[in-house]
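First residue of the sequence shown: 1, per the UniProt record's numbering; consecutive thereafter. The beta carbon of each residue, even a glycine, is placed where N, CA and C say it ideally should be. It should be emphasised that the depicted structure is a prediction, and the values quoted were computed from it without experimental measurement. Down below is the structure, laid out as structure tokens.
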Amino acid sequence: MNRLGKTLLSLIGFCLIPLLTSCSALENSDRVQIVQLGDFYPIRSHAEENAPDVHNAVSTSVKNRCGCSYIAISPASLGMSEEAFNQLWRDLRKNTGQGRFYRLTYGECAKDSLLVTKIVDCSDGACGKEYRIDTSKMWLNTWSWAGDNIPMTRNGQYTSAGSKSSAQYFINLPLKEVPEQGAWKVEIRYTENPDVIAMDAYVDNADFLLGKFILDYKAHYLSGNLYEEGGFDRQGKSQGGAQGKITSYYDSPGKVRSVSHFKDGKLHGEFVSYNKNGTVAKKEQYLLGKDVTKNGIVYGSEGQILERYNYNSNGRKEGTWLNYYPDGTLKLSESYANGTLVGTSEEYWPNGKIKLKNTYKNGSSRAQVKWYESGQKESESFYNDKHQSVGTHKSWYENGNLYSDYRYYANGRQASTALWNSDGHPSSRETYSIKGERRSSERWFVNGKLRSRTVYQNGQLAVEEEYFDNGQLKERARWSNGNRKDREEWRKDGTRYERVKYNKKGEFTLIEKYDQKGKLEKRHKYER
1 MNRLGKTLLS
11 LIGFCLIPLL
21 TSCSALENSD
31 RVQIVQLGDF
41 YPIRSHAEEN
51 APDVHNAVST
61 SVKNRCGCSY
71 IAISPASLGM
81 SEEAFNQLWR
91 DLRKNTGQGR
101 FYRLTYGECA
111 KDSLLVTKIV
121 DCSDGACGKE
131 YRIDTSKMWL
141 NTWSWAGDNI
151 PMTRNGQYTS
161 AGSKSSAQYF
171 INLPLKEVPE
181 QGAWKVEIRY
191 TENPDVIAMD
201 AYVDNADFLL
211 GKFILDYKAH
221 YLSGNLYEEG
231 GFDRQGKSQG
241 GAQGKITSYY
251 DSPGKVRSVS
261 HFKDGKLHGE
271 FVSYNKNGTV
281 AKKEQYLLGK
291 DVTKNGIVYG
301 SEGQILERYN
311 YNSNGRKEGT
321 WLNYYPDGTL
331 KLSESYANGT
341 LVGTSEEYWP
351 NGKIKLKNTY
361 KNGSSRAQVK
371 WYESGQKESE
381 SFYNDKHQSV
391 GTHKSWYENG
401 NLYSDYRYYA
411 NGRQASTALW
421 NSDGHPSSRE
431 TYSIKGERRS
441 SERWFVNGKL
451 RSRTVYQNGQ
461 LAVEEEYFDN
471 GQLKERARWS
481 NGNRKDREEW
491 RKDGTRYERV
501 KYNKKGEFTL
511 IEKYDQKGKL
521 EKRHKYER
């Protein structure tokens, strides 16, 4: 698909809701307006019936006479054929952001659109010299970011810039035809430094945005250093150019980054990448886009082995994969079977001690253990074939004290959780039924004394207890079927402070107050 096609497709369905809001007529009899065009919304299908109510929409730089900042155009409104309208649509779209103004003649204000009956391009002075612009240049941007100082070298990447001031590149128009090549020559230059050619190439259409790159090309960094050289076939697919390869360079004269070969637009054959000092970093073998490298090796800048790997004939990872630190210490070991992780994988710290161990089955981790760099175990966890947590999961502080203990039922639901402080004192604990209902909850002070305890029955609150930091019970409340039964309170020295009883409705029926020595002081009964 060419660049314009991608542009149109990306806009379909974008921001259509605002276009359906009604325009309110203004007191303005002026049916002619000079504007710049913005976004394009190809609502209509050009294959549909040519009718006034079947149209495309275009946003404008200012509001029109109906109070809308968009217009509608169709073959019927402009009085032209489908073929002529399609060409006009393409011309308008490619010139958006090029600084052009257009003189629009409007029809009547409609409920949800304002149809344009005539469009005049003002760039040649037809609307006055103040609207004349230099059309000898086309301002460009790229669809995807390549880097501030790097050109795009793939088909379909360049598009008309949103504005001249925001353009990354430009080309001079018209393009020069090269009949013997059956192509047009194009030099894409950086706006930041017009003397540097970002990409020197050929396209198969005099209209740059409707064409595609073909034949050989050379691309340069903003610095002027060669970025890449290669070629495209007549269908616009990468094929290696006259030399049969695509060579990429570092932003330094003559320093090769990689050499690749293509077939039908896909990597095919040998691919070699290099370190900045010129040493080989990696050699790969491709088969129509699939990496089928056998016994591959990745090298560091000083020739040290950084990685060993292997692919099967289907382009999937196979066998043992190894990664190394620059000093040769093993960093990672993994095993694959037809692209799926199997067996055990191990990762190591730079000091050679184990860091992580995973056990796999059918590509899914079933057990995982982590270690601190000191060698102290950090955590261990287990999973079923649905990658749900099962069994007991534990983690430790680096000093060796237990930090957490999480337990799970076979169905993956949590059975209990427990946490500890770094000094070994418990912090909290909760338990759950196999259905996920809470059974109990406990909290501790930092000194290790129990702070609170809550018990549940059938998912409902049954007992609540709160303690002082010396271990003395402070308050206890009991519940039944969601209603409070009774509540008792004590002082820090252990003497009783208060006792309250409730009926089945949760209304209190008895309140007893006790003095400092714990003797009954007041007693109130309530009839309900």
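Are the beta-carbon atoms of residue 363 and residue 340 separated by less than 8 Å?
A Cβ-Cβ contact shorter than 8 Å links residue 363 with residue 340.
Can you tell me where the alpha helix (DSSP H) with residue 56 in it begins and where it stops?
Careful: residue 56 lies outside any alpha helix (DSSP H), inside the beta strand (DSSP E) at 56 to 60.
Assuming residue 513 is part of the beta strand (DSSP E), what are its boundary residues?
That run of the beta strand (DSSP E) goes 508 to 514.
With a cut-off of 8 Å on the beta carbons, I'd call residue 40 and residue 93 a contact; round off their distance for me.
5 Å
Are residue 459 and residue 438 touching if we call contact CB-CB under 8 Å?
yes
Where does the unbroken beta strand (DSSP E) through residue 89 begin, and where does it stop?
Note, residue 89: premise wrong, no beta strand (DSSP E); alpha helix (DSSP H) at 82 to 95.
With H, G and I counted as helix, E and B as strand and the rest as coil, what does DSSP make of residue 262?
DSSP, read as helix, strand or coil, puts residue 262 in strand.
Tell me the start and end of each unbroken beta strand (DSSP E) in the region 279 to 314 that is at least 3 residues and wholly inside, in chain order.
280 to 287, 296 to 299 and 305 to 309
Would you kindly check if the distance between the Cβ of residue 189 and the Cβ of residue 214 is under 8 Å?
no
Going by C-alpha to C-alpha distance, which of 495, 263, 318 and 73 sits closest to residue 295?
318
Are the beta-carbon atoms of residue 394 and residue 373 separated by less than 8 Å?
no
Three-state secondary structure assigned by DSSP to residue 253
coil
I need the DSSP call for residue 126, collapsed to helix, strand or coil.
coil
Could you check how far apart the C-beta atoms of residue 178 and residue 201 are, in whole angstroms? I think they sit under 8 Å.
Their Cβ separation, rounded to whole angstroms, is 11 Å, which puts residue 178 and residue 201 out of contact at 8 Å.
Distance CB(residue 65)-CB(residue 87) smaller than 8 Å:
If you check the CB distance, residue 65 and residue 87 do not come in under 8 Å.
For a quick check, are the C-beta atoms of residue 422 and residue 399 less than 8 Å apart?
yes
With a cut-off of 8 Å on the beta carbons, I'd call residue 207 and residue 183 a contact; round off their distance for me.
Wrong, their Cβ atoms sit about 13 Å apart, outside the cutoff.
Kindly indicate the opening and closing residues of the alpha helix (DSSP H) around residue 426.
Where residue 426 is concerned, there is no enclosing alpha helix (DSSP H), although the beta strand (DSSP E) it sits in stretches over 426 to 432.
Cβ neighbour criterion (16 or more within 10 Å) applied to residue 434
Burial call: exposed.
I need the DSSP call for residue 50, collapsed to helix, strand or coil.
Residue placement at residue 50 is poorly supported in this model, since its pLDDT is 44, which falls under 50; the coordinates still yield a value, given next. Coil.
Considering only C-alpha positions, which residue in the set 160, 141, 74 and 266 is nearest to residue 118?
74
Considering only DSSP beta bridges, list what residue 141 is partnered with.
159
Cutoff 8 Å; reference residue 412; Cβ partners in own chain excluding five residues on either side:
384, 386, 388, 389 and 390
Just to confirm my understanding: we take residue 28, look at its own chain, exclude 5 residues before and 5 after, and list those with CB closer than 7 Å. What are they?
Reliability of the predicted coordinates at residue 28 is poor, the pLDDT of 41 falling under 50, and the value obtained from them is presented with this limitation in mind. Around residue 28: 65.
Less than 8 Å between the beta carbons of residue 297 and residue 284, yes or no?
no
Cβ-Cβ separation, residue 273 to residue 258 (assumed contact under 8 Å), whole Å
4 Å
Selection from 469, 406 and 267 that minimises the alpha carbon distance to residue 245
267
Nonlocal neighbours in the same chain, by C-beta distance under 7 Å from residue 517, ignoring five residues either side
Cβ neighbours of residue 517 beyond the five flanking positions: 495.
So residue 345 is in the beta strand (DSSP E); what residue range does that whole segment cover?
343 to 348
Please state whether DSSP places residue 325 in a helix, a strand or coil.
coil
In the DSSP assignment, the beta strand (DSSP E) including residue 415 goes from what residue to what residue?
Secondary structure note for residue 415: its beta strand (DSSP E) is the uninterrupted segment 414 to 420.
Please classify residue 211 as buried or exposed, where buried requires at least 16 neighbouring CB atoms within 10 angstroms.
buried
How long is the line joining the alpha carbons of residue 199 and residue 99, rounded to whole angstroms?
23 Å
Residues near residue 321 in its chain [Cβ-Cβ closer than 6 Å; skip 5 each side]
309 and 334
Could you spell out where the alpha helix (DSSP H) holding residue 77 opens and where it closes?
75 to 78
What's the gap between the Cα of residue 300 and the Cα of residue 59?
53 Å
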